[in-house]
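Residue numbers (this note's numbering), protein chains in the order written: chain A, 1 to 136; chain B, 1 to 136; chain C, 1 to 136; chain D, 1 to 136. We put the beta carbon where it would ideally sit given N, CA and C, even for glycine. Report on the following structure.
There are 4 protein chains.
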Amino acid sequence: MDNYVRLVQYYETDKMGIVHHSNYIRWFEEARIFCMEKLGFSYKEMEDRGVMLPVTEVSSKYKSSTKYGDKVKIEVRVEKISSAILEFSYVIKDFTSEEVRVLGSSKHCFVDLDFKLVNIKKIMPDFYEKCRNSYN
Amino acid sequence: MDNYVRLVQYYETDKMGIVHHSNYIRWFEEARIFCMEKLGFSYKEMEDRGVMLPVTEVSSKYKSSTKYGDKVKIEVRVEKISSAILEFSYVIKDFTSEEVRVLGSSKHCFVDLDFKLVNIKKIMPDFYEKCRNSYN
Amino acid sequence: MDNYVRLVQYYETDKMGIVHHSNYIRWFEEARIFCMEKLGFSYKEMEDRGVMLPVTEVSSKYKSSTKYGDKVKIEVRVEKISSAILEFSYVIKDFTSEEVRVLGSSKHCFVDLDFKLVNIKKIMPDFYEKCRNSYN
Amino acid sequence: MDNYVRLVQYYETDKMGIVHHSNYIRWFEEARIFCMEKLGFSYKEMEDRGVMLPVTEVSSKYKSSTKYGDKVKIEVRVEKISSAILEFSYVIKDFTSEEVRVLGSSKHCFVDLDFKLVNIKKIMPDFYEKCRNSYN
Chain A
1 MDNYVRLVQY YETDKMGIVH HSNYIRWFEE ARIFCMEKLG FSYKEMEDRG VMLPVTEVSS
61 KYKSSTKYGD KVKIEVRVEK ISSAILEFSY VIKDFTSEEV RVLGSSKHCF VDLDFKLVNI
121 KKIMPDFYEK CRNSYN
Chain B
1 MDNYVRLVQY YETDKMGIVH HSNYIRWFEE ARIFCMEKLG FSYKEMEDRG VMLPVTEVSS
61 KYKSSTKYGD KVKIEVRVEK ISSAILEFSY VIKDFTSEEV RVLGSSKHCF VDLDFKLVNI
121 KKIMPDFYEK CRNSYN
Chain C
1 MDNYVRLVQY YETDKMGIVH HSNYIRWFEE ARIFCMEKLG FSYKEMEDRG VMLPVTEVSS
61 KYKSSTKYGD KVKIEVRVEK ISSAILEFSY VIKDFTSEEV RVLGSSKHCF VDLDFKLVNI
121 KKIMPDFYEK CRNSYN
Chain D
1 MDNYVRLVQY YETDKMGIVH HSNYIRWFEE ARIFCMEKLG FSYKEMEDRG VMLPVTEVSS
61 KYKSSTKYGD KVKIEVRVEK ISSAILEFSY VIKDFTSEEV RVLGSSKHCF VDLDFKLVNI
121 KKIMPDFYEK CRNSYN
């Protein structure tokens, strides 16, 4: 699968001169939306159809820092899907040197617009299959 | 009126070592919500009652910078209210030295939850009067 | 000149369901860095050479809102350069419909790494000329 | 130890109507700086003395959501300190109901301004002891 590519923005840095660690959590979001699109699903359409994917867990290991002007690529993939949950993993690397910057993961549940849990296997079987096949 | 007091957060700085200019726009928001509360109105309740106050204009002049660890006070007041619009002004000063950091202003319209313009004088006359009396 | 193109990120929205107005100030930054690169100068290199471009003024008029999933283009250009200051203007439009979303402007001064004003015409004459020629 | 108390800001929400998950990572930062101050150390002074505390790991479990207008308290404490690393844990609760919102942890190393590892036990023995005694 193609990787998600991204430039580091100036406003994402902090006074240490490097990207503030909280921003990588946002990049994970960009990357998993990209990943879903590569699988043929738009997260926007999913929400328009009444299904949201809130984050229930996130973790991040910072191996080396990124700086303003850097270009990174994010390797993102589905690690697991069930009728109730979805998990992604992320590897952020420098685009050129491929040095690892950040390792991360996120877990999500499927809810309707009232935040009630829904069974994704039943209401979006096509999405469930595509995700499952992406790692099987 | 009391001023809004705030500490500068680490994550609000950028690689210049000072607060990124975009964050002052967010502090203006904190300050005007504080201002409305001082006038006896909660912006949260206003939205719960179906009225939103989107920003139509904002401007900001940066006189000197703030740094991590600084404490600032924001002098905020209503500059104008009509049935259709609301304007605030902001002066951000160092809490101790009172040196001016940022001057700003924002303009807002009143809309319902479908973003249709509403007449605030008619639907919330108490709010309209309180705002008007605050600068008359 | 090419326009700067950008997707709206999920984390840039707020509870009104639209992009929070403070984020457009960050997009302006992305756009002017893009503009400088189109003129042949990297802002990163400028800072590496010891010149910073802090914002002294910013203003923004919000004509219509953008939503998650929208694609926008930002028309950005140099409005004025002198030995002491630099001004940019911005027009954010929907990429497809070309409907105007936001109009903005920013003013900047040139400083060294100690925030002392520098004469850009003297220390980076090539940059000064390129900016000047871009609107003359 | 006192808890860190905080209001949810409007600009921290996203289109789901709840606080965007990335912002809790920023609240952790606010809370650990508060924790260090309660132990008698200012993180600002630590950086002024040439020691920085970059994040090497962060994790977060989202138990329930927070909304604009909510008031939260964050229970924060040092979980471990050695000459090389520092760990904090965080429990974010609703201020009134005490319902748990988020559980988190962060790991940090000690570096100088060139990002070289330093031995905190040697260079700031007072800080090391205070942290150690806070959980022993």
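By the rule that beta-carbons nearer than 8 Å mark a contact, D/R26 touches chain B. With 16 or more other CB atoms across the displayed protein chains lying within 10 angstroms of its CB, B/Y62 is buried.
Residues are counted here when their Cβ sits less than 7 Å from a Cβ of chain C; for the region 1-31 of chain D these are Y10, Y11, T13, D14, K15, G17, H20 and S22, given in chain order.
C-alpha of C/H21 to C-alpha of C/E99: approximately 17 Å in a straight line. Sequence-ordered contacts of the region 59-71 of chain C with chain D read K67 and Y68 [C-beta pairs closer than 9 Å]. With distances taken between CA atoms, C/K122 lies nearest to C/F110 out of C/I74, C/E79, C/N23 and C/F110. Nearest C-alpha to B/A31 among B/L113, B/S105 and B/I120: B/S105. The way I'd put it, the region 45-59 of chain D does touch the region 46-66 of chain A; three or more beta-carbon pairs between them come closer than 8 Å. Here the alpha carbon of A/R132 sits roughly 30 Å from the alpha carbon of D/I25.
A/I92 and A/E75 have their C-alpha atoms roughly 6 Å apart. Looking from the CA of A/N3, the closest CA among A/M36, A/K73 and A/M52 belongs to A/K73. Annotation for D/Y128: I81, I120 and K121 place their beta carbon closer than 7 Å to its own, counting only its chain and skipping 5 residues before and after.
Judged by their CB atoms, B/I18 and B/T66 are nearer to each other than the 8 Å cut-off.
Following the DSSP letters along the chain, one finds D/E45 inside the alpha helix (DSSP H) bounded by residues Y43 to D48. Neighbours of D/M46 across chain A, judged by C-beta separation under 8 Å, do not exist; the nearest C-beta is about 12 Å away.
In terms of Cβ geometry, C/Y135 and C/V51 do not form a close pair [threshold 8 Å]. If you compare the alpha carbons of A/E29, A/D94 and A/R49 with that of A/M124, the shortest gap goes to A/R49. Only residues of its own chain outside the window of five on either side were considered, and among them Y68 have a CB closer than 7 Å to the CB of D/Y10, listed in chain order.
DSSP places C/I74 in no alpha helix (DSSP H) but in the uninterrupted beta strand (DSSP E) bounded by K71 to I81. Nearest C-alpha to C/E87 among C/D14, C/E12, C/E29 and C/L7: C/E29. Taking the C-beta atoms as reference points, B/K130 is found nearer than 8 Å to B/F41. Between A/T13 and B/K15, the alpha-carbon positions lie close to 6 Å from each other.
Going by C-alpha positions, D/V118 is about 13 Å away from D/E47. Per the DSSP secondary-structure output, C/D94 pairs in a beta bridge with C/V72. The beta-carbon of C/T96 is placed no less than 8 Å from the nearest beta-carbon of chain B. Taking the C-beta atoms as reference points, A/V8 is found no nearer than 8 Å to A/D94.
By the rule that beta-carbons nearer than 8 Å mark a contact, B/I123 does not touch chain D. Interface with chain D (8 Å Cβ-Cβ cutoff): B/I85 is excluded. For C/F115 and C/K44, the gap between their C-alpha atoms comes out near 17 Å.
Straight-line spacing of the CA atoms in D/H108 and B/V102 works out to 34 Å.
DSSP, read as helix, strand or coil, puts C/S64 in coil. A/R6 and A/W27 have their C-alpha atoms spaced approximately 9 Å apart. For D/I92, there are no neighbours in chain B by C-beta distance under 7 Å, as the nearest C-beta there is about 16 Å away.
Among the residues facing chain A, D/E57 is included, as its CB has a counterpart in that chain under 8 Å away.
DSSP, read as helix, strand or coil, puts A/F88 in strand.
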